[in-house]
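**Q**
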Amino acid sequence: MTRPERSPRVASHHRVPQACPGIHSYPTLGLEPSEPPGMLPVGPGPELAREYLQLADDGLVALDWVVGPCPRGRRVTNAGGLPAVLLVIPNAWGRLTRNVLGLCLLALERGYYPVIFHRRGHHGCPLVSPRLQAFGDPSDLKEAVTYIRFRHPAAPLFAVSEGSGSALLLSYLGECGSSSYVTGAACISPVLRCREWFEAGLPWPYERGFLLQQKMALSRYASALQDTVDTHKLFRSRSLREFEETLFCHTKSFPISWETYWDHNDPLRDVDEAAVPVLCICSADDPVCGPPDHFLPTELFHSNPYFFLLLSHHGGHCGFLRQEPLPAWSHEVILEYFRALTEFFRTEERMKGLSRHRASFLGGRRRWGTLQKREVSPSSNLEEIFSWKRSYTR
1 MTRPERSPRV ASHHRVPQAC PGIHSYPTLG LEPSEPPGML PVGPGPELAR
51 EYLQLADDGL VALDWVVGPC PRGRRVTNAG GLPAVLLVIP NAWGRLTRNV
101 LGLCLLALER GYYPVIFHRR GHHGCPLVSP RLQAFGDPSD LKEAVTYIRF
151 RHPAAPLFAV SEGSGSALLL SYLGECGSSS YVTGAACISP VLRCREWFEA
201 GLPWPYERGF LLQQKMALSR YASALQDTVD THKLFRSRSL REFEETLFCH
251 TKSFPISWET YWDHNDPLRD VDEAAVPVLC ICSADDPVCG PPDHFLPTEL
301 FHSNPYFFLL LSHHGGHCGF LRQEPLPAWS HEVILEYFRA LTEFFRTEER
351 MKGLSRHRAS FLGGRRRWGT LQKREVSPSS NLEEIFSWKR SYTR
């Protein structure tokens, strides 16, 4: 791993800088209302401990660690006794839905340590610079994943994305390839052909609902963005494509074409480099993504051994519901899939260990000495690269 130009910062517990403490943690309950129909949050929601991660360019993203309610008889997902970390990426509009919260609560019950990633300016994360995260730009997610790995170096890391948020996860897996810290990933109702999806438009209730969310989220930063984009045109946008194109293509400092934008943000641009198993759960009656013959690149699942498709007749968009109080069956499938991956990789490591033991026994003392060389742990490597420290403020 190479050293970035400037590492993310977390304030030291010995001395806290006055300008920006980097990370804060505090408990928070409940959720923001005003979700579009069919995407409402549930009840009081889980207990969350928020951290703000200061990025290399001084921007901020937020990590919401799900810390409660702590269920009785919680199961441990890893044989080593350390809970696996479950990184959850919400949709691209930054709203927490009942699907995300239900998955986090079920994962907590099954022994995972869920954490929700929020982009710049999303879900209460302050926008401290006029730079926003493009649809398929994984640079911020890379820094967040590196910090999670630093914080939990020995725990397996799994990742789940919802709807349009899958573009971010797939872009990350493609760009990082085999150097990704993720053990396995899953996408619920992913938007895979993103450019065509924007250009075709959505059924008007969803198009209007998502567009309204975008405008409401950025309206508080209108004055800060006016030097970067044409805010008058931005907030008069009548479609998701027009909004996206105005925000990221028609910038005042560095305008680009719509085609160039998708050359850099198509989530499948580096999909052949992905090196972890990815399960995509889709529905034939998805009203947001559209019919499978239009939105599903079936050739991907035929040609790429890392990508698996579960296509159901019914389930809607990020629904897959069952009778209350049972959780969505997609959540059960994902956690069972991660459990199977854990067992598979554990067996692989056991077989490799037996093979190394046999080779060392047959190779004599010289070979034994080579195998006994001490390996440097990932945690110690990261401690040398980054100067992160934790700081809690309550």
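Going by full-length UniProt numbering, the letters in the sequence shown line up with residues 1 to 394, in that order.
Every residue gets a Cβ at the ideal spot worked out from N, C-alpha and C, and that includes glycine.
Mind the definition here: the stretch 156 to 176 touches the stretch 85 to 92 only if three or more C-beta pairs lie below 8 Å; say whether that holds.
**A** As far as the Cβ criterion goes, the stretch 156 to 176 touches the stretch 85 to 92, which means the pair count is three or higher.
**Q** What are the boundary residues of the alpha helix (DSSP H) that includes Cys104?
**A** Its alpha helix (DSSP H) spans residues Arg98 to Glu109.
**Q** If you draw a straight line from the C-alpha of Ile148 to the C-alpha of Pro267, how long is it?
**A** For Ile148 and Pro267, the distance between alpha carbons rounds to 22 Å.
**Q** Thinking just about the alpha-carbon of each residue, which of Ser179, Val128 and Ser171 is nearest to the one in Leu141?
**A** Among Ser179, Val128 and Ser171, the Cα nearest to that of Leu141 belongs to Ser171.
**Q** Pick out the complete beta strand (DSSP E) segments inside the stretch 241 to 291, 3 residues or longer, and give them in chain order.
**A** Runs of the beta strand (DSSP E) inside the stretch 241 to 291: 278 to 283.
**Q** Between Val61 and Ala144, is the Cβ-Cβ spacing less than 7 Å?
**A** Result yes, Cβ atoms of Val61 and Ala144 sit closer than 7 Å.
**Q** Restricting to runs no shorter than 4 residues, where is the alpha helix (DSSP H) found entirely within the stretch 176 to 231?
**A** If we require 4 residues or more, the alpha helix (DSSP H) runs fully inside the stretch 176 to 231 come out as 194 to 200, 204 to 219 and 222 to 225.
**Q** With distance defined between alpha-carbon atoms, name the residue in Val100, Pro126, Pro138 and Gly121 nearest to Pro114.
**A** When each option's Cα is compared against that of Pro114, the closest is Val100.
**Q** Tell me whether His118 sits in a helix, a strand or coil according to DSSP, three-state version.
**A** It is a strand residue.
**Q** Relative to the alpha-carbon of Tyr181, which residue among Ser166, Gly201, His152 and Pro203 has its alpha-carbon at the smallest distance?
**A** Checking every option, the nearest Cα to that of Tyr181 belongs to His152.
**Q** Where does the unbroken beta strand (DSSP E) through Ser161 begin, and where does it stop?
**A** Counting along the chain, the beta strand (DSSP E) containing Ser161 begins and ends at Leu157 to Glu162.
**Q** Using C-beta distances below 6 Å, list every residue in its chain close to Gly163, excluding the 5 sequence neighbours before and after it, in chain order.
**A** Excluding positions up to five away in sequence, the list reads Asn91, Ser189 and Cys318.
**Q** Answer with yes or no whether the minimum CB distance from Gly353 to chain B is below 7 Å.
**A** Among the protein chains of the structure shown there is no chain B, as only one such chain exists.
**Q** Whose C-beta lies closer than 6 Å to the C-beta of Pro262 among residues of the same chain, with five residues either side of it excluded?
**A** Here the sequence assigns Trp to residue 262, which means Pro is not the residue at that position. Result list for Trp262: Arg195, in chain order.
**Q** Taking all protein chains shown into account, do 16 or more other C-beta atoms lie within 10 angstroms of the C-beta of Thr347, making it buried, or fewer, making it exposed?
**A** Looking at its Cβ environment, which holds fewer than 16 other Cβ atoms inside 10 Å, Thr347 is exposed.
**Q** Return helix, strand or coil for Gly319, following the three-state DSSP convention.
**A** Gly319: coil per DSSP, three-state reduction.
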